[in-house]
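Reminder that position 193 of the sequence shown reads as 193 in the UniProt record's numbering, one-by-one numbering, no gaps. The beta-carbon is built from N, C-alpha and C at its ideal position, and this holds for glycine as well. Quick caveat, the model's predicted, so the values are computed rather than measured. For reference, the structure is listed below as structure tokens.
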Amino acid sequence: MPTEAVYHHLTPQTYMRAWKHGKSSVYIVKKRHVGTGESINTKKIAGIDNYHSLRAGAAYRTEDDCDLFFEPLKDYIVKIGNQIEKNTLTLNKKFYDFENWDIYDDNGKVIDEEKKNLLKKDILNIHVKDIEEAWNRKYENYWNSVNQTIKDLISTIDKNTTCVPATKREELIRFMVSLEWRTKPYHPALLKVFDFVMNKVFDFKSIDIPEDERLYPFLETAYDEMAHSIVLKLYRDFLNGKGHIMNEANEFINNKTLVLLLAPPNKEFLTSDNPVCRFENQNGILEYIFPINPKVACSVVNGNIQQAYQLRNLTTKEIAFYNTKLKDNCYESYILREQNLSLYF
């Protein structure tokens with residue numbers, strides 16, 4: 001069913017609810033704040049209105065997108081610079097100059113400014129949401145099944161168990177990899193490219209977009225707008241089974257080993273609005289960790305063991321170390337299941 005949701009969770013509710021108390025609340029601690037935070041419903045956190053939507057004026061768009069954007073103009077004739085323009089890709093490219101378009105009704109009469117403004121409003125009220133719809137359908141709605149599978153596997157082990165069958169391994173990897181591309185800040189590989197390309201000639205971060213000209217309120221600078229359009233392109237490709245994000249997932253599937261890190265008794269993992277955490281350890285090796293639920297996290301290491309999840313029981317010191325990394329990796333806030341810091345550090 002097509003989503004009507006305006007608030008798009010960058011960190012999915014189904015994921016965050018593994019840390020819930022009550023019906024659907026978690027404890028949120030703001031970045032660099034000391035304490036145990038406040039209780040907030042997952043509906044209200046880790047999201048941005050229309051973050052994965054497209055609308056008229058978008059830098060990334062397809063012809064099908066543009067046909068939808070300009071559906072309100074189907075019974076009108078548009079002239080731009082005295083030339084009749086029917087191509088919706090061109091209309092999208094020149095939408096910034098909408099005020100200078102001449103729009104004619106079916107009687108050949110130029111519409112007045114009031115009608116023109118209403119048409120613009122109708123156009124801007126159209127949000128193409130297939131990216132969010134596909135994410136919900138293919139990934140978010142199935143996360144509970146993946147999480148439950150991991151919990152069931154762990155429930156069967158004893159102190160001598162070193163591995164368990166890698167059930168739902170590909171689903172776990174695709175969710176984990178795509179989540180790193182979904183949340184903010186942008187994926188580290190992407191940030192390097194953005195910062196190199198967009199700062200090479202000019203500092204795009206310094207170009208503020210006036211509020212009334214922003215495609216969406218959260219796109220405050222030229223850097224934001226360009227980076228966001230690239231993210232949408234990459235994410236739509238992934239949801240169609242191709243592109244850079246899917247390639248990264250396939251690299252993990254084919255050439256990496258997953259280690260399930262198990263919290264010691266009376267200890268838990270925290271998580272955050274940016275739960276996939278990369279960091280360089282004291283040996284100069286890049287570590288990659290993703291909390292699956294309060295008792296289990298996933299680590300990605302070199303090797304291609306595909307039939308089993310390796311198991312590693314953490315010490316109290318080790319889980320405190322990982323939780324500190326996860327806490328510091330948050331974008332705006334990190335998430336606790338209980339307001340008891342001794343569970344985490």
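Between TRP101 and the set PRO265, ILE150, GLU85 and GLN306, the nearest pair of CA atoms involves GLU85. Per DSSP, the continuous alpha helix (DSSP H) segment holding ALA320 begins and ends at 316-328.
Per DSSP, the continuous alpha helix (DSSP H) segment holding GLY243 begins and ends at 243-255. Judged by pairs of C-beta atoms under 8 angstroms, the segment 300-310 touches the segment 249-266, as three or more such pairs exist. Contact between ASN92 and TYR216 does not hold, since the beta-carbon distance rounds to 15 angstroms and is not under 8 angstroms. Unbroken alpha helix (DSSP H) runs of no fewer than 4 residues, entirely contained in the segment 147-200, are found at 169-182 and 188-200, following chain order.
Nearest Cα to HIS21 within the set PHE70, GLY47 and PRO294: PRO294. Only buried fits LYS267, as 16 or more other CB atoms lie within 10 angstroms of its CB.
As DSSP reads the structure, LEU54 sits in a beta bridge with VAL128. A straight-line Cα-Cα distance of about 5 angstroms links PHE279 and GLU287. THR271 sits in a strand when the DSSP states are folded into three classes. Assignment of beta-bridge partners to LYS79 by DSSP yields ILE84 and ASP102. In the DSSP assignment, SER299 falls within the unbroken beta strand (DSSP E) covering 296-302. Three or more beta-carbon pairs drawn from the segment 65-79 and the segment 119-138 are found closer than 8 angstroms, and the two stretches are therefore classed as touching. In this structure, DSSP gives HIS21 an extended state, which the three-state scheme calls strand. In this structure the segment 164-171 does not touch the segment 31-39; the number of beta carbon pairs closer than 8 angstroms is below three.
Relative to the Cα of ASP195, the nearest Cα in the group ARG174, ASP224, PHE218 and ARG182 belongs to ASP224.
One thing to note: ILE292 has its Cβ within 8 angstroms of the Cβ of ILE150.
When ASN274, PHE269, LEU336 and GLY57 are compared, the shortest CA-CA separation from THR316 is found for PHE269. Between the segment 170-181 and the segment 244-253 there are three or more C-beta pairs closer than 8 angstroms, enough to call the two in contact. Here THR42 is not near SER53, since their CB atoms are 8 angstroms or more apart. Here SER206 is exposed. Its C-beta has fewer than 16 other C-beta atoms within 10 Å. LEU232 and GLU318 have their alpha carbons spaced roughly 37 angstroms apart. Its chain contains ASP102, ILE103 and TYR104 as the residues whose beta carbon lies nearer than 8 angstroms to that of VAL110, once the 5 sequence neighbours on both sides are disregarded; these appear in chain order. Just so you know, the alpha carbons of THR183 and ASP203 end up roughly 24 angstroms apart. Residues THR42 of the same chain have their beta carbon placed closer than 6 angstroms to that of GLN13, with the five preceding and five following residues left out of the count.
Under the DSSP assignment, LEU232 falls in the alpha helix (DSSP H) whose first and last residues are 222-239. Nearest to ASN240 by alpha-carbon distance, out of ARG137, PRO264, LEU341 and THR271, is ARG137. Distance from the CA atom of TYR235 to the CA atom of TYR60, rounded to whole angstroms, is 12 angstroms.
Taking C-beta separations shorter than 6 angstroms and ignoring five residues to either side along the sequence, the partners of GLU63 in its chain run LEU89, following chain order. The DSSP-derived three-state label of ALA134 is helix.
Taking C-beta atoms as the reference points, ASN329 and ASN274 count as a pair closer than 8 angstroms.
When only Cα atoms are considered, GLU38 and ILE45 end up about 12 angstroms apart.
Secondary structure at GLN13: helix, using DSSP grouped into helix, strand and coil. Of the residues ASN313, ALA58, ASN144 and GLY47, the one whose Cα lies closest to the Cα of PRO265 is ASN313. Residue pairing from DSSP places ASN41 in a beta bridge opposite SER25.
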